[in-house]
Structures are given as C-alpha cells and as structure tokens.
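Numbering (the numbering used here), first residue to last: 78 to 333. Okay, so here's the structure we're looking at.
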Ligand SMILES: [Mg+2]
C-alpha cells in the first residue's frame, strides 16, 4: 500500500475523513486498514475549540474509531509549547478545547484584571466580543506575550458560509497593538511535531486536503505528504501552489 514506507500517518479531519456532517466514503475502512498494517495514527486538527473527547465523538459519528491519545489539536500543541517555556498564566480568547488543554498543562487561565498575566492566547471563540478583544490588546500593550493556537482566517460553517476564524480574532489584536502573534497550528511546525511525538515517532506521512496548511507544514519539515481531493484543493491547484505534495490521491482510501 501507499502507506507502507511510513510509521506514523498524520490525518487531517475535515475534508479528509468527513465533510461535516457527511463522512467521506471509505474513510473508516481506510483507517482500520492502516491500523491492521501496524501504522500508528494521529488525528490532527487546527481547530482548538474542541477537547479530544469531543473530537472522538465527531470521528465516531463519521464511523472512525479513535483513542484520546491519538487526537492532537492546535490547543494541545499550544499548551505543550507554553508549558515547556514555563508560562504560568494566560488570558484566553478561546473555547473549551483550549481552556482544558492549557489548564491540564498546568497553565492558570486568568481574567484580564489579574496582576499576573504572562501571555494572551487566541483561538477560535464564538463568544469573543469587543471587551475580550480590548482586554487582550491592553494586556499585550502592557507587556504580555501574544500567541495563537492557529491563524485560520475563517471557520467553515454549516451551509458553506465562512465565519471569522481564530486568525481573524488574532488580527484584531495585532492590528490594535502592532504586535505579531506567534502561531502553533498548521502550517507552523509545532502541531505536526506534537502529532508525530504522540504517534511514537518514526517516519511520518501527512495527509490533508489543504495545500496552504497541511501540505505547506509538511514541506517545511521536509516530511512526505499526501493531498486528498475530497476537501479544499483540486488537482489543478497543485501546479500553481508553492507547496507540492509527495502524492496526490483521490481520497484517503487510496492510502490503504
Ligand atoms: Mg482539512
């Protein structure tokens, strides 16, 4: 099978395993076949709003079985890096997935009036409002760091609408303060590195539907990648893209 030379298969979710709420035909069987062939799997998502348990529920409704330790979100990658750096406290624009990841990594989530805020962390947040953006900006102006779980410009909402994503919220704070935030999700490398570590290392294959995130990130790391055509990118997009996948496949079933 195409996946034979690889130890760890890092699978993107939306556009690869499902196009929410529809599963991609053959995806569940492909994941099962990869497992049977002894491949270690990581389910890798840029969305920081869901906890691993919530991601597993989503995968299950698409027929894909996953264990909590196989799920790697941009929230977990962010928490891992910040904990390694000794960050103690954070003001967060984000939802449950980000709040839980930071707390479990030993980082205190504090409110804007706290006297001790090391860093402002931005993720997708459907409850973000002017007060949160103002408070985050003031904290950065006072010297707190600025990071984001991911910088997706938009969130693909049901019905094909695009809603402001984490990147749009980050941009509001960057525009206000003139400070650029550091990003940990795709196409930046920390999320991929955390995913490979979770999958036990070895030789990775990144599988995704977006050239500018999944394939770009793999390219930066010098890792092989497979672009599936069940999501964002079309075959003709590859030629004009600065990021070239190792393989272009119709769908995730072609891996197995
Ligand atoms: Mg995707």
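From the three backbone atoms N, C-alpha and C, an ideal C-beta is built for every residue, glycine too. Keep in mind that this is a model prediction, so the values were computed, not measured.
DSSP three-state call for residue i: helix, strand or coil?
i           : result
residue 102 : coil
residue 93  : coil
residue 177 : helix
residue 164 : coil
residue 121 : strand
residue 56  : The requested residue 56 is not part of the displayed model; the chain covers only 78 to 333.
residue 241 : strand
residue 317 : helix
residue 84  : coil
residue 322 : coil
residue 236 : helix
residue 129 : helix
residue 150 : strand
residue 310 : coil
residue 217 : helix
Hey, would you say residue i sits closer than 9 Å to residue j, going by beta carbons?
i           : j           : result
residue 154 : residue 267 : yes
residue 101 : residue 95  : yes
residue 151 : residue 263 : yes
residue 187 : residue 176 : no
residue 286 : residue 93  : yes
residue 315 : residue 304 : yes
For ligand 1, is there a heavy atom less than 8 Å away from the beta-carbon of residue i?
i           : result
residue 332 : no
residue 93  : yes
residue 212 : no
residue 314 : no
residue 229 : no
residue 311 : no
residue 135 : no
Pop quiz: residue i and residue j are said to be a contact at Cβ under 8 Å. What is the actual Cβ separation, rounded to whole angstroms?
i          : j           : result
residue 89 : residue 289 : At roughly 12 Å, the Cβ-Cβ gap does not stay under 8 Å, so residue 89 and residue 289 are not in contact.
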